[in-house]
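*Asks:* In the numbering used here, the protein residues as written are 13 to 188.
1. Quick check for students: name the residue ranges of the beta strand (DSSP E) that lie wholly in the stretch 32-61, counting only runs of 3 or more.
2. Between the alpha carbons of residue 65 and residue 122, how many angstroms are there, rounded?
3. Between residue 60 and residue 53, how many whole angstroms is the CB-CB distance? I'm expecting something under 8 Å.
4. Helix, strand or coil for residue 169 per DSSP?
5. Cβ atoms of residue 45 and residue 171: under 8 Å apart, would you say?
6. Throw me the rounded Cβ distance for the residue 108 and residue 78 pair, which I believe falls under 8 Å.
7. Within the continuous alpha helix (DSSP H) that includes residue 188, where are the two ends?
8. Would you report the Cα separation of residue 187 and residue 181, rounded to the nearest angstrom?
9. Would the stretch 102-119 count as touching the stretch 67-81 if we require 3 or more Cβ pairs under 8 Å?
10. In the DSSP output, what is residue 153 paired with across the bridge?
11. Measure from the alpha carbon of residue 50 to the alpha carbon of each residue in 148, 128 and 136, then state which is nearest.
12. Residue 73 to residue 140, Cα distance in whole Å?
13. May I have the straight-line CA-CA distance separating residue 124 from residue 132, to the nearest angstrom?
14. For the alpha helix (DSSP H) that residue 135 lies in, which residues bound it at each end?
15. In whole angstroms, give me the CA-to-CA distance for residue 149 and residue 40.
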């Protein structure tokens, strides 16, 4: 009797889920691809690369200054007094500390800006995904994450549609 009850309960749970699965409309989106290929993502990447190049020029300038001071110390160490040599060495140590700090600050600043761009764009992309989901009547839209979705039919991919709609909205916003 107990076994019959368990089988009945199992059937009762499975039957509705089978009929529900027929009504299920599923898609997925690759947000990383959308982030990299949308206009805003490309512009953010370009902006960050320009800032990185500018910081790199400043670093190279400081490195040249340090190299020049090292060369001066090496060239004049035989003729400079111990006190003058120590002052030059202190200057060199200070410049090295400043360079290290500058590099760390530049990296932190670039990382922070990249995170801000990424968060803003991803938030806007998720809004577009929600809009598409509502318009097209999707029950579920998954994010394609490596290692999570092992197999997915490529016909369920709405990433290009998300990029297209996002770029249209982004372009309108830029024109304002």
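In this text, a Cβ means the ideal position worked out from N, Cα and C, and glycines have one as well.
Small disclaimer: the values here were computed from a predicted structure and weren't measured.
*Replies:* The structure says:
1. Counting only runs of 3 or more residues that sit fully inside the stretch 32-61, the beta strand (DSSP E) segments are 38-41, in chain order.
2. The residue given as residue 65 occupies position 53 in the chain shown. The residue given as residue 122 occupies position 110 in the chain shown. Distance between the alpha carbons of residue 65 and residue 122: 11 Å.
3. Looking up residue 60 in the chain shown gives position 48. Looking up residue 53 in the chain shown gives position 41. Under the criterion of beta carbons closer than 8 Å, residue 60 and residue 53 do not qualify as touching, at roughly 11 Å.
4. If you number the chain shown from 1, residue 169 lands on position 157. Residue 169: strand per DSSP, three-state reduction.
5. Residue mapping note: residue 171 aligns to position 159 of the chain shown, counting from 1. Residue mapping note: residue 45 aligns to position 33 of the chain shown, counting from 1. The answer is yes: Cβ separation under 8 Å.
6. Here residue 108 corresponds to residue number 96 of the chain shown, with the count starting at 1. Here residue 78 corresponds to residue number 66 of the chain shown, with the count starting at 1. Sure, about 6 Å apart at Cβ, within 8 Å.
7. Counted from its first residue, the chain shown places residue 188 at position 176. Looking at the DSSP string, residue 188 is not in any alpha helix (DSSP H), and its letter there is neither H nor E.
8. Counting from 1 along the chain shown, the entry for residue 187 is found at position 175. Counting from 1 along the chain shown, the entry for residue 181 is found at position 169. About 10 Å.
9. yes
10. In the chain shown, counting from the first residue as 1, residue 153 sits at position 141. 39.
11. Numbered from 1 along the chain shown, position 38 holds the residue referred to as residue 50. The candidate whose alpha carbon is nearest that of residue 50 is 136.
12. Position 61 of the chain shown, counted from the start, is the residue given in the question as residue 73. Position 128 of the chain shown, counted from the start, is the residue given in the question as residue 140. One C-alpha to the other measures close to 44 Å.
13. Taking the chain shown and counting its residues from 1, the one referred to as residue 124 is at position 112. Taking the chain shown and counting its residues from 1, the one referred to as residue 132 is at position 120. Each residue's alpha carbon lies about 12 Å from the other.
14. Taking the first residue of the chain shown as 1, we reach residue 135 at position 123. Note, residue 135: alpha helix (DSSP H), 94-148.
15. Residue 149 sits at position 137 when you count from the first residue of the chain shown. Residue 40 sits at position 28 when you count from the first residue of the chain shown. The alpha-carbon atoms of residue 149 and residue 40 are separated by roughly 13 Å.
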